[in-house]
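Asks: In the working numbering, the protein residues as written are 581 to 1022. There's a structure below that I have some questions on.
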């Protein structure tokens, strides 16, 4: 599975066809759902132990088949600079997607196969394994499964690298984009300075420490340092160039800005950027008033992840992580604060994506069943929470009880060129999923 490139710009179709052949040889029932995302062919795969029956309810075993971008191949030292060439070393398998979450899909596939070999007759729920596309780019694959009403799900076990710990709650997220236009006067002045050999500008570079936007407290945001600097500049400063970060959901490790004194400029983009930054600080203070002690940090967070200069505007992109204790009305209030402030300064505000937070009671049958089966395997699996969102956010909105669990560590493992999972943990996961199918479906 690792050898198939399913990073954000690639397709999942070839991997789905391969998995279809494997599952068919196992005697499982396969259905392929062909789709397209941004012009690229994509596919979901639906695998059952037995043909569906009218009116049946299902136990959903889900994992996404896409991965993050591998970044620089040279950093994948264990894989001889090829992230798609899985390598086994000292009891671990290394490669892109081994922890998030390709191999967990295989664990579920083998568990389903093993249960089928026992000729189990499912009395309560029919288990269904689903591999989806697009988790890293909006979870479109999972949305297609829901919208086309392919599965009547009661419980869902969602793959997520958790070191086989049960996750019963996760923050929601919203991604936003703000476009701050240059005025006509500023466009003329910028053109004048770009064509003049006598213009004397100043440049400044800011360094930080990158991390995922779900855990901004673990990083150091270079964009924030840049905005603090911008807020200290005189009113007649004009921005010639500005840049920070590469993705909306990553804390930038570097930012830069080039400015020049321009006494003739009134109410330029700099003042508008400062208004936006002040607004972000105000929203952050509001977020800290609504606490949820199941999470660390114990409040919603906001992170500026991207700043780009275009011909006639500056783009600022970022994301919010929202704790389950925050009601939808409070979230709407925060979003309205952005809408109103952007409207006042003539900027465009776009809500790019939104996934609600979710929480399942630790006393639910699904959680208790998972804990019981883990204890039988000698593993103490306490309920944990997750700062990032996955497909559980979508399925939970439809009334499905969800937990997230999977092989591999999360911190300092996924989204790094050192991604790995333990071979022993793979064997344990197969057995766990097998026991969960038998317990909930028979």
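For every residue, glycine included, the Cβ atom is placed at its ideal position computed from N, Cα and C. These figures come from a predicted structure and were not determined experimentally.
(1) Can you say whether residue 628 is buried or exposed, counting buried as having 16 or more other CB atoms within 10 angstroms of its CB?
(2) Return the CA-CA distance between residue 886 and residue 610, expressed in angstroms with no decimal places.
(3) Note down the Cα distance separating residue 695 from residue 802, rounded to an integer number of angstroms.
(4) Suppose only complete runs of 3+ residues qualify. What are the beta strand (DSSP E) ranges in the region 812 to 890, listed by chain order?
(5) Under a Cβ-count criterion, where at least 16 other Cβ atoms within 10 Å of its own Cβ denotes burial, should residue 604 be classed as buried or exposed?
(6) Quick check: the Cα distance between residue 764 and residue 758, rounded to an integer number of angstroms?
(7) Between 861, 884, 634 and 815, which lies nearest to residue 845 when the distance is taken from Cα to Cα?
(8) Give the DSSP bridge partners of residue 964, in chain order.
(9) Taking C-beta to C-beta, are residue 1020 and residue 946 nearer than 9 Å?
(10) In three-state terms, what does DSSP make of residue 633?
(11) Residues in its own chain within less than 8 Å of residue 1022 by CB, not counting five upstream and five downstream?
(12) As a quick exercise: from 842, 892 and 805, pick the residue whose alpha carbon is nearest that of residue 928.
(13) For residue 691, which residues in the same chain have their Cβ closer than 7 Å to its Cβ, ignoring the five residues on either side in sequence?
(14) So, with DSSP's three-state summary, where would you put residue 646?
(15) Among 810, 766 and 819, which one has its Cα closest to the Cα of residue 781?
(16) In whole angstroms, what separates the C-alpha of residue 838 from that of residue 785?
(17) Give me the Cα-Cα distance between residue 564 and residue 689, rounded to the nearest whole angstrom.
(18) Hey, would you say residue 713 sits closer than 9 Å to residue 934, going by beta carbons?
(19) Where DSSP assigns a beta bridge to residue 711, which residues make up the other side?
(20) Using only CA atoms, which one of 1003, 999 and 1004 lies nearest to residue 657?
(21) Is the region 974 to 984 touching the region 736 to 754 in the sense that three or more CB pairs, one from each, lie closer than 8 Å?
(22) Return helix, strand or coil for residue 976, following the three-state DSSP convention.
(23) Taking buried to mean at least 16 other C-beta atoms within 10 Å of its own C-beta, is residue 680 buried or exposed?
(24) Using C-beta distances below 7 Å, list every residue in its chain close to residue 747, excluding the 5 sequence neighbours before and after it, in chain order.
(25) Mind listing, in chain order, the continuous beta strand (DSSP E) runs of no fewer than 3 residues lying wholly within the region 883 to 951?
(26) Taking the beta strand (DSSP E) that residue 736 belongs to, which residues open and close that run?
(27) Roughly how many angstroms separate the alpha carbons of residue 721 and residue 974, rounded to a whole number?
(28) Nearest-angstrom Cα distance between residue 731 and residue 642?
(29) Once DSSP output is grouped into helix, strand and coil, what is the label at residue 664?
(30) Return the bridge partner residues of residue 787 from the DSSP annotation.
(31) According to DSSP, residue 610 sits in a beta bridge with which residue or residues?
(32) According to DSSP, which residues form a beta bridge with residue 754?
(33) Among 991, 977 and 881, which has the Cα closest to the Cα of residue 865?
(34) Between 798, 588 and 651, which lies nearest to residue 619 when the distance is taken from Cα to Cα?
(35) With which residues is residue 638 paired in a DSSP beta bridge?
(36) Among 602, 859 and 830, whose alpha-carbon lies nearest the alpha-carbon of residue 883?
Replies: Based on what the coordinates show:
(1) buried
(2) 41 Å
(3) 51 Å
(4) 817 to 824, 834 to 841 and 881 to 889
(5) exposed
(6) 19 Å
(7) 815
(8) 747
(9) yes
(10) coil
(11) 700, 701, 702, 703 and 704
(12) 892
(13) 1010, 1013, 1014 and 1017
(14) coil
(15) 819
(16) 9 Å
(17) Outside the shown range of the chain (581 to 1022) lies residue 564, about which nothing can therefore be said.
(18) no
(19) 625 and 643
(20) 999
(21) yes
(22) helix
(23) buried
(24) 740, 964, 965, 966, 983, 984 and 985
(25) 893 to 902 and 928 to 935
(26) 733 to 739
(27) 11 Å
(28) 12 Å
(29) coil
(30) 834
(31) 627
(32) 900 and 934
(33) 881
(34) 588
(35) 706 and 733
(36) 830
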